[in-house]
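Notes follow once the structure below has been shown.
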Amino acid sequence: MATAKPLKELIQPYPYLAKALNHRWCERQEPDALGDSSHTLARWLRSPTANGLLTALDEALQLLDASPRIKQWRKSLADDREGIRGALFEIFLAAWFHKQGYSVGAPSKDADFTLPLRGGHSARLELTTIQRQTNLGMLTERLQAVGAGLNLAGHLSYEPSKLRNLTATNVDRIVEAEIEALTSPISEGARTRLEERSPQFGINLSWTPSHTPNIYSRSSAEWVDANQD
Numbered sequence: 000m001a002t003a004k005p006l007k008e009l010i011q012p013y014p015y016l017a018k019a020l021n022h023r024w025c026e027r028q029e030p031d032a033l034g035d036s037s038h039t040l041a042r043w044l045r046s047p048t049a050n051g052l053l054t055a056l057d058e059a060l061q062l063l064d065a066s067p068r069i070k071q072w073r074k075s076l077a078d079d080r081e082g083i084r085g086a087l088f089e090i091f092l093a094a095w096f097h098k099q100g101y102s103v104g105a106p107s108k109d110a111d112f113t114l115p116l117r118g119g120h121s122a123r124l125e126l127t128t129i130q131r132q133t134n135l136g137m138l139t140e141r142l143q144a145v146g147a148g149l150n151l152a153g154h155l156s157y158e159p160s161k162l163r164n165l166t167a168t169n170v171d172r173i174v175e176a177e178i179e180a181l182t183s184p185i186s187e188g189a190r191t192r193l194e195e196r197s198p199q200f201g202i203n204l205s206w207t208p209s210h211t212p213n214i215y216s217r218s219s220a221e222w223v224d225a226n227q228d
């Protein structure tokens, strides 16, 4: 496997993102030998397809560099693995408001941020995201990196009703279990068809050798429909 560039080099094209993800962060988030990292932004920095998103994020952070919320957003980007997509949503929305001529004010106790309006009034905004779908996306991204390191394609099915139990910590445990299983000295047949290890999340995962490794994800109902066709 070719030696990958360190994150502190990969982040150089994004100077405003680098204010949040400093050298110490980069050293902590260097991925393991299979390319897995627990932080979404570390995986994106290594992805050949994420340049557009990272460029847009850097430009949004530049627009908001003087915002009262900027320190909190930088901290969320660096530290909050479980809420990272919520932070991204806030940043991109605040940047859009900035482009429309609104100055994003400081947060209040019951709002993510405020928008000053005419006549001395202000609008208070509280944003929400669907966290269970966020964590499923995090799991899929990390498994794809693991599979790519071993030339394996993954087929993942899940029960949507059980995803409420899937936290970022549980994602860590599932990925660690898969890495241990995939790298243990077992037969090729067992390696390419893994048994379900996470029944409480309704997740089932199997692997097959592939020269174009990817993760193919569907809900359990979608797999049933596809197999009946």
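Residue numbers (numbering that gives the first Met the number 0): 0 to 228.
Virtual Cβ for every residue (Gly too), placed ideally from N, Cα, C.
From a predicted model like this one, the values you see are computed outputs, not experimental measurements.
- Contact between Ile90 and Leu44 does not hold, since the beta-carbon distance rounds to 17 Å and is not under 8 Å.
- Excluding five sequence positions before and after Leu6, the CB atoms of its chain that fall closer than 7 Å to its own CB belong to Cys25, Gln28, Glu29, Ala41 and Leu44, given in chain order.
- Note that the C-beta distance between Val170 and Leu149 is not below 8 Å.
- In this structure, DSSP gives Ala65 a state outside helix and strand, which the three-state scheme calls coil.
- It is roughly 12 Å from the alpha-carbon of Leu155 to the alpha-carbon of Glu140.
- In this structure, Val174 and Asp35 form a Cβ contact; the two beta carbons are roughly 6 Å apart against a cut-off of 8 Å.
- Taking C-beta atoms as the reference points, Ala94 and Arg68 fail to come closer than 8 Å.
- Note on geometry: alpha-carbon atoms of Thr182 and Ala176 lie some 10 Å from one another.
- Comparing C-alpha distances from Glu158 to each of Phe200, Ala122, Arg117 and Glu179 shows the shortest one belongs to Phe200.
- Short of 8 Å from the beta carbon of Ala122, and not among the five residues preceding or following it, lie these beta carbons of its own chain, in chain order: Thr113, Leu114 and Leu116.
- DSSP lists Gly153 as the beta-bridge partner residues of Ile214.
- Pro47 has no beta-bridge partner at all, per DSSP.
- Secondary structure note for Leu204: its beta strand (DSSP E) is the uninterrupted segment Ile202 to Pro208.
- In the DSSP annotation of this structure, the continuous segment of the alpha helix (DSSP H) that includes Glu179 starts and ends at Ala167 to Thr182.
- According to DSSP, residue pairing for Arg27 in a beta bridge does not occur.
- Taking the Cα positions, Ala3 is about 13 Å away from Ala144.
- As a beta-bridge residue in DSSP terms, Ser121 pairs with Pro115.
- Taking 8 Å as the upper bound for CB-CB distance, Leu53 and Leu20 are not in contact here, some 11 Å apart.
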